[in-house]
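Asker: In my numbering, the protein residues as written are 40 to 278.
Note that beta-carbon positions come from the ideal geometry of N, C-alpha and C, so glycine has one too.
These numbers were taken from a predicted model, which means no experiment stands behind them.
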């Protein structure tokens, strides 16, 4: 028992100091669907020690905002009242965040738990982790999903396991409108994939796509939501 405690203590001491301290980050959010009409959450602000409003949009990504994460985790509060010693504010469970100055948080419904309306997925939002021109594929179903985009078709398609995320590189095989075929299939039996989505997506080097596959709560069939993400245009003042 003593050796176990000593080992645990050494592990904590070996953690990078940066992971134990507060750090400022730039945050964006995307909400899959609103739960209990909760459309706003709160994060510790980057300055001043208060809380900053974090809007939850379901159709587009939120604008970047500055906030603080501590100990390598982000805590989203359900009210704008900052926690006080002995008086904790209601919050979602803290979520571990990647070691990146830019973070993207995806909010998913958490059925049956009104006190915790969302499950939170944290992703690095910098272009090194999520390059322009690529597609981030997210599989929220209990089976493998295969993304067949452009030249990455059939057996060359990208298989994403349940609960996993993958980056699909930029597609080069496009038509005269700069579009490519996008087909997504669902594994209904071992190594047997059934098509459930077929469309055309735009190939734009200056944007990124997030494709989320999930099971429709009523039909229990796989569905896909596609979100296009382009960096905000920065207008420089005239010289």
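1) Run through DSSP, which three-state label would residue 164 get?
2) Whole angstroms are fine: how far does the CA of residue 69 sit from the CA of residue 118?
3) With residue 184 and residue 225 assumed to form a contact (beta carbons below 8 Å), what rounded beta-carbon distance in angstroms separates them?
4) What residues match up with residue 264 in a beta bridge as DSSP calls it?
5) Starting from residue 188, trace the beta strand (DSSP E) both ways and give me its first and last residue.
6) Would residue 162 be called buried (16 or more neighbouring beta carbons within 10 Å of its own) or exposed?
7) Are there 16 or more other CB atoms within 10 angstroms of the CB of residue 217, so buried, or fewer, so exposed?
8) Which runs of the beta strand (DSSP E) at least 3 residues long sit entirely within the region 65–114? Give them in chain order.
9) Would you mind reading off the limits of the beta strand (DSSP E) that contains residue 227?
10) In terms of DSSP beta bridges, what is residue 159 paired with?
11) Under the three-state reduction of DSSP, which class applies to residue 246: helix, strand or coil?
12) Quick test of your reading: residue 71 and residue 145, contact by CB under 8 Å. State the CB separation rounded to the nearest angstrom.
13) Under 7 Å between the Cβ atoms of residue 236 and residue 260?
14) Using a C-beta cutoff of 7 Å, does residue 248 count as contacting chain D?
15) Given this structure, state the Cα-to-Cα distance separating residue 203 from residue 83, to the nearest angstrom.
16) Between the alpha carbons of residue 130 and residue 81, how many angstroms are there, rounded?
17) Taking residue 211 as part of the beta strand (DSSP E), name the residues at either end of that continuous run.
18) Could you tell me how far apart the beta carbons of residue 244 and residue 172 are, in whole angstroms, since I believe they sit closer than 8 Å?
19) Determine the closest residue to residue 165 out of 61, 265 and 246, with distance taken between C-alpha atoms.
20) Can you give me the Cβ contacts of residue 179 inside the same chain, cut-off strictly under 6 Å, excluding the 5 residues immediately before and after it?
21) In the DSSP assignment, what residue or residues form a beta bridge with residue 233?
22) Taking all protein chains shown into account, do 16 or more other C-beta atoms lie within 10 angstroms of the C-beta of residue 67, making it buried, or fewer, making it exposed?
Answerer: In terms of the structure at hand:
1) As a position in the chain shown, residue 164 is number 125, starting the count at 1. The three-state secondary structure of residue 164, taken from DSSP, is coil.
2) To locate residue 118, count along the chain shown from 1; it is residue 79. To locate residue 69, count along the chain shown from 1; it is residue 30. Near 19 Å, if we compare the C-alpha coordinates of residue 69 and residue 118.
3) One-based indexing of the chain shown puts residue 184 at position 145. One-based indexing of the chain shown puts residue 225 at position 186. In this structure, residue 184 and residue 225 form a Cβ contact; the two beta carbons are roughly 6 Å apart against a cut-off of 8 Å.
4) Against the chain shown, residue 264 aligns to sequence position 225. Bridge partners of residue 264: 251.
5) Your numbering for residue 188 matches position 149 in the chain shown. For residue 188, the enclosing beta strand (DSSP E) starts and ends at 184–188.
6) As a working note, residue 162 is residue 123 in the chain shown. Classification of residue 162: buried, given that the 10 Å Cβ count is 16 or more.
7) Residue numbering aside, residue 217 sits at position 178 when the chain shown is read from its first letter. With fewer than 16 Cβ atoms within 10 Å of its Cβ, residue 217 is classed as exposed.
8) Runs found: 79–83, 90–94 and 104–109.
9) Position 188 of the chain shown holds residue 227. Residue 227 -> beta strand (DSSP E) spans 218–228.
10) Numbered from 1 along the chain shown, position 120 holds the residue referred to as residue 159. For residue 159, which the question treats as bridged, DSSP gives the partners 146.
11) Here the question's residue 246 lines up with position 207 in the chain shown. Residue 246 carries a coil assignment under DSSP once its states are collapsed to helix, strand and coil.
12) To locate residue 71, count along the chain shown from 1; it is residue 32. To locate residue 145, count along the chain shown from 1; it is residue 106. Confirmed, Cβ separation roughly 7 Å.
13) Stepping through the chain shown from its first residue, residue 236 is reached at position 197. Stepping through the chain shown from its first residue, residue 260 is reached at position 221. The criterion of a C-beta distance shorter than 7 Å is not satisfied by residue 236 and residue 260.
14) In the displayed structure, chain D is absent; only one protein chain is listed.
15) In the chain shown, residue 203 corresponds to position 164, counting from 1. In the chain shown, residue 83 corresponds to position 44, counting from 1. Across the structure, residue 203 and residue 83 are spaced so that their CA atoms are roughly 28 Å apart.
16) Within the chain shown, numbered from 1, the residue matching residue 130 stands at position 91. Within the chain shown, numbered from 1, the residue matching residue 81 stands at position 42. Spanning the two alpha carbons is a distance of roughly 9 Å.
17) Sequence index remark: in the chain shown, residue 211 carries index 172 (1-based). No beta strand (DSSP E) contains residue 211, which DSSP labels as neither H nor E.
18) Along the chain shown, one-based indexing puts residue 244 at 205. Along the chain shown, one-based indexing puts residue 172 at 133. Contact flag correct, Cβ pair sits at about 5 Å.
19) Indexing the chain shown from 1 puts residue 165 at position 126. Selected option, being the one with the closest Cα: 246.
20) As a working note, residue 179 is residue 140 in the chain shown. Once the five neighbours on either side are set aside, the close Cβ partners of residue 179 are 253.
21) For the purposes of this step, residue 233 is taken as residue 194 along the chain shown, with counting starting at 1. Answer by DSSP bridge pairing, in chain order: 225.
22) Reading the chain shown from its first residue, position 28 is the one you call residue 67. By the neighbour-count rule (16 or more Cβ atoms within 10 Å), residue 67 is buried.
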